[in-house]
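*Asks:*
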Amino acid sequence: MTTTTKTEYEAVIGLETHCQLNTNTKIFCNCSTHFDSPPNTNVCPVCLGHPGVLPVLNEEVLNSAIKMGLAIEGEIARYSKFDRKQYFYPDLPKNYQISQFDLPIVEHGKLEIELVDPKTKEVRKKTIGITRLHMEEDAGKLVHAGSDRLAGSTHSLVDFNRTGIPLLEIVSEPDLRSGQEASEYAQELRRVVRYLGIGDGNMQEGSLRCDVNISVRPVGREEFGVKVEIKNMNSFSAIQKAIEYEIERQIEAIANGKPIIQETRLWEEGSQCTISMRVKEGSSDYRYFPEPDLPPMEVSEVQLENLRKLLPELPAKKRSRYEAEFGLSAYEARILADDRDIAVYFETVLATGVSVKAAVNWLTQDIAAYLNSNVGVTIKDIALKPENLAELITLIENGTISGKIAKDLLPELLVKGGSPKEIVESKGLIAISNPDELAEIIDKIIADNPDKLAQFRAGKTKLQGFFVGQIMKETGGKADPKLSNKILNEKLNG
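Residue numbers for the sequence shown follow my numbering, so the first one is 56 and each next one is one higher.
#1: Using alpha carbons as the reference points, say which of Y250, K499, E239 lies closest to C265.
#2: Tell me which residues share the same chain as A486 and place their Cβ nearer than 8 angstroms to its Cβ, disregarding the 5 neighbours each side in the sequence.
#3: Alpha carbon to alpha carbon, what distance is there between G325 and Q525?
#4: Assign Y134 to buried or exposed, taking buried as 16 or more other Cβ atoms, counted over all protein chains shown, within 10 Å of its Cβ.
#5: Using the rule of at least 16 other Cβ atoms within 10 Å of the residue's Cβ for burial, across every protein chain shown, is G69 buried or exposed?
#6: For a test of the three-state rule: what should DSSP assign to N113, helix, strand or coil?
#7: Would A385 and A392 qualify as a contact pair, given that the criterion is a beta-carbon distance under 7 angstroms?
#8: Pull up the CB-CB distance for K165 and I127, whole angstroms please, since I reckon it's below 8 angstroms.
#9: Where does the unbroken beta strand (DSSP E) through G164 begin, and where does it stop?
#10: Please confirm whether L222 and E191 have their CB atoms less than 7 angstroms apart.
#11: In terms of DSSP beta bridges, what is S428 paired with?
#12: Hey, how far is the Cα of N540 from the Cα of V523?
#13: Quick one: complete beta strand (DSSP E) runs, 3+ long, within the segment 312-392?
#14: Three or more C-beta pairs closer than 8 angstroms, one from the segment 163-177 and one from the segment 373-390: is that the case here?
#15: When burial is assigned at 16 or more other CB atoms within 10 Å of the CB, is L365 buried or exposed?
#16: When burial is assigned at 16 or more other CB atoms within 10 Å of the CB, is A200 buried or exposed?
#17: Measuring straight from C-alpha to C-alpha, what distance separates Q152 and A194?
#18: Could you check whether the segment 88-105 touches the segment 312-324, counting it as contact only if at least three pairs of C-beta atoms, one from each stretch, sit closer than 8 angstroms?
#19: Who are the near neighbours of I501 in its chain, counting only those whose CB is closer than 8 angstroms to its CB and skipping five residues on each side?
#20: Mark P475 as exposed unless 16 or more other C-beta atoms lie within 10 angstroms of its C-beta, in which case mark it buried.
#21: Any contact of the segment 254-261 with the segment 75-87, i.e. 3+ C-beta pairs under 8 angstroms?
#22: Throw me the rounded Cβ distance for the S92 and N79 pair, which I believe falls under 8 angstroms.
#23: Determine the extent of the beta strand (DSSP E) in which Q75 is found, giving its start and end residues.
#24: Rounding to the nearest angstrom, what Cα-Cα distance links V479 and R512 in this structure?
#25: Opposite A534 in the DSSP bridges: which residues?
#26: Give me the residue from I220, P106, L147, I437 with the minimum Cα distance to N85.
#27: For L185, which of L231, Y144, V171, L170 has the nearest alpha-carbon?
#28: CA-CA distance, T182 and S339?
#29: For E278, which of helix, strand or coil comes out of DSSP?
#30: Opposite M190 in the DSSP bridges: which residues?
#31: Let me know the secondary structure DSSP gives V283 once reduced to three states.
#32: Would you kindly report the start and end of the unbroken beta strand (DSSP E) that includes Q420?
#33: Taking just the CA atoms, how far does H89 sit from F215?
#34: If you follow the alpha helix (DSSP H) that Q259 is part of, which residue opens it and which one closes it?
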């Protein structure tokens, strides 16, 4: 396929995202929502659909839906209802799912995303429309078991623990145009969910699940192409890769005169491609009708305002404030606002009055590197408390220790915590700031390296770095950096 052919087409992408809420009990019964329980232990007659039982809405589910609706600036329905969505599958014990059809709790929202250029780190913003958000119950889970050389699995087991887990389904407008945009949209949704505290957004555990609808069309044409759905993506990188593959597959098919079939495809991580799962000959007929066992919901102005007051500062606004108030780059603001706990940590450090730049550098470089290399460890798990990081920064800024000493201390502080000042004093790490003592050390280093001195004075000024390194080596990193450089400059150029 030529590059010219690719540029003649554009992708049209929409996401259907299911977000699992972190309520203690299910949406319509008192069963636990605990993730790791043994199969079929978190079940009862209500979520198993026994005859004669009545569902009762968990109020926290409604509150979470309204909070999310406010966060995406959607229109909150003052009157909403539940519906029965009829379909038949082994993991759906009632043979219908309680969902919302024509009167969802939220419509017409939007979400601002940021797209980072991987090379320049420049950030571009884009607003994605959200068609609707509604509440529904989850289905169970099929586990395919046994092994047959020809047939594969020999039987399937069903676990109903997940049945009745509360979900928010969020449907985007077809405003996305690339795998990167879709991946970032899903990540931003997860940030908002986590900031609100209504879910953990863990894709690996299925707490956040995304189905992609994608078609391609010639650039400039308003009519959509044939839509293909992609399922089975359990990471943000998989969303991006699946979409990029599917765009190329569809464009290549069109270029070769092959029809695009309306179908559902699966993303295969191993082969890095999509494969056909089932053909869709038309839209599904779920035969919705109003759920007779649940009354309609009415949201009052008082309830709406009370929930609005509970909203935290959301990621997009926090990023904008960091840029405006602290002078951070869009890239720095994005890293610090990505996780609410990191943002709280950062702001707690700044409240002590230390340098913004120093706090940003420690959090986005050294501490971020530690968290990235220790999977499962979060900013809340480290022993280095915000006030201790501020103390460490202050020790550097007032010349008590060098930056090198601080970096040497960091691993211990991250694991054991404690006062950096007390540790520095107990280990005798206070910086050497006596000019006469430093001058004597520097004289000795210059005397021991006459060839390097001659080369420096002959024009190889980069050798100054060599002398700085020797000073730090000789003093065990305790030399006052500013004073050392001043004396070194005088002696090298004297």
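The beta carbon of each residue, even a glycine, is placed where N, CA and C say it ideally should be. Since this is a predicted model, take the numbers as computed values, not measurements.
*Replies:* Let me lay it out:
#1: Here residue 265 is taken as the residue at index 210 of the sequence shown, counted from 1. Ranking Y250, K499, E239 by Cα distance to C265 puts E239 first.
#2: Reading the sequence shown from its first residue, position 431 is the one you call residue 486. Closer than 8 angstroms at Cβ, skipping near neighbours: G454, T455, I456, S457, I460, K533, A534, D535.
#3: Locating residue 525 in the sequence shown gives position 470, where the first residue counts as 1. Locating residue 325 in the sequence shown gives position 270, where the first residue counts as 1. Between Q525 and G325, the C-alpha separation is close to 51 angstroms.
#4: Counting from one through the sequence shown, the residue named residue 134 turns up at place 79. Exposed, since its Cβ has fewer than 16 Cβ neighbours within 10 Å.
#5: Counting from one through the sequence shown, the residue named residue 69 turns up at place 14. Result: buried.
#6: Here residue 113 is taken as the residue at index 58 of the sequence shown, counted from 1. Here N113 sits in coil by DSSP.
#7: Locating residue 385 in the sequence shown gives position 330, counting from the first residue. Locating residue 392 in the sequence shown gives position 337, counting from the first residue. No, the Cβ-Cβ distance between A385 and A392 is not below 7 angstroms.
#8: As a first step, residue 165 must be located in the sequence shown, where it is residue number 110. As a first step, residue 127 must be located in the sequence shown, where it is residue number 72. K165 to I127, Cβ: 6 angstroms. Contact.
#9: Here residue 164 refers to the residue found at position 109 of the sequence shown. That run of the beta strand (DSSP E) goes 161-171.
#10: Taking the first residue of the sequence shown as 1, we reach residue 222 at position 167. Taking the first residue of the sequence shown as 1, we reach residue 191 at position 136. For L222 and E191, yes; Cβs fall inside 7 angstroms.
#11: Position 373 of the sequence shown, counting from 1, holds the residue named residue 428. For S428, which the question treats as bridged, DSSP gives no partner whatsoever.
#12: For this step, residue 540 is matched to residue 485 along the sequence shown. For this step, residue 523 is matched to residue 468 along the sequence shown. Distance between the alpha carbons of N540 and V523 is about 7 angstroms.
#13: 318-323, 328-334
#14: yes
#15: Stepping through the sequence shown from its first residue, residue 365 is reached at position 310. Exposed is the call here.
#16: In the sequence shown, counting from the first residue as 1, residue 200 sits at position 145. With fewer than 16 Cβ atoms within 10 Å of its Cβ, A200 is classed as exposed.
#17: As a first step, residue 152 is located in the sequence shown; it is residue number 97 there, counting from the start. As a first step, residue 194 is located in the sequence shown; it is residue number 139 there, counting from the start. Rounded to the nearest angstrom, the two C-alpha atoms are 8 angstroms apart.
#18: no
#19: Here the question's residue 501 lines up with position 446 in the sequence shown. L508, F522, K546, L547, listed in sequence order.
#20: For the purposes of this step, residue 475 is taken as the residue at position 420 of the sequence shown. That one is buried.
#21: yes
#22: Position 37 of the sequence shown, counted from the start, is the residue given in the question as residue 92. Position 24 of the sequence shown, counted from the start, is the residue given in the question as residue 79. About 13 angstroms separates the two Cβ atoms, so there is no contact after all.
#23: Taking the sequence shown and counting its residues from 1, the one referred to as residue 75 is at position 20. Start and end: 64-75.
#24: For the purposes of this step, residue 479 is taken as the residue at position 424 of the sequence shown. For the purposes of this step, residue 512 is taken as the residue at position 457 of the sequence shown. Each residue's Cα considered, the two are about 37 angstroms apart.
#25: The residue labelled residue 534 in the question sits at position 479 within the sequence shown. BP columns for A534 point to I487.
#26: As a first step, residue 85 must be located in the sequence shown, where it is residue number 30. Minimum Cα distance to N85 is reached at I220.
#27: Position 130 of the sequence shown, counted from the first residue, corresponds to residue 185. Contrary to the premise, residue 185 reads as Ile rather than Leu in this sequence. The shortest Cα separation from I185 among L231, Y144, V171, L170 belongs to L231.
#28: What you label residue 182 is simply residue 127 of the sequence shown in a count that begins at 1. What you label residue 339 is simply residue 284 of the sequence shown in a count that begins at 1. Near 30 angstroms, if we compare the C-alpha coordinates of S339 and T182.
#29: Along the sequence shown, one-based indexing puts residue 278 at 223. Coil at E278, not helix or strand.
#30: Within the sequence shown, the letter at position 135 stands for residue 190. For M190, which the question treats as bridged, DSSP gives the partners L223.
#31: For this step, residue 283 is matched to residue 228 along the sequence shown. Strand, per DSSP.
#32: Taking the sequence shown and counting its residues from 1, one reaches residue 420 at position 365. Unbroken run through Q420: none, as it is neither H nor E.
#33: Here the question's residue 215 lines up with position 160 in the sequence shown. Here the question's residue 89 lines up with position 34 in the sequence shown. Their backbone Cα atoms lie some 12 angstroms apart in a straight line.
#34: The count along the sequence shown starts at 1 and reaches residue 259 at position 204. Unbroken run through Q259: none, as it is neither H nor E.
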